[in-house]
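In the working numbering, the protein residues as written are 612 to 769.
Yeah, the Cβ is synthetic: ideal placement off N, Cα and C, and Gly gets one too.
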């Protein structure tokens, strides 16, 4: 299914009763109607997220990855809406302080855009780094969440 967002078209894929991929695309695609109740639910939850009425997603998700990647992605889901952490903080939360690069690489392999919020991880100096959807989208998502959460003025840099 192709779903229109304020930052481009998202491709949402269902496999065996799970959302398995959500990618934001640079190229334009015509919006398509959901072909299942799960995809319809995903579209509704994204509508609510972008309207500012949803802060967490409640979708059955499953993406392939190693045990380590699964742990990294699970940790990403613990980052509160409207908040950010650094890659270093993420490594400390995972009790793997020497695995910062491996954690960053696993973040980059996340195939569940926004639902697994890798956009909430920033550089140690507060800069926006490494985002497959483009840094301008990362900035937009963080500012959107900060505004909805009422977290005041944010200064986000590339």
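For the options 701, 722, 724, the alpha carbon positioned closest to that of residue 713 is the one of 701. By the Cβ neighbour-count rule, residue 736 is exposed, with fewer than 16 other Cβ atoms within 10 Å of its own. Going by DSSP, residue 636 is part of the beta strand (DSSP E) stretching over 629-636. Going by DSSP, residue 678 is part of the alpha helix (DSSP H) stretching over 678-687.
Between the alpha carbons of residue 673 and residue 629 lies a distance of about 6 Å. Residue 612 and residue 678 have their C-alpha atoms some 28 Å from each other.
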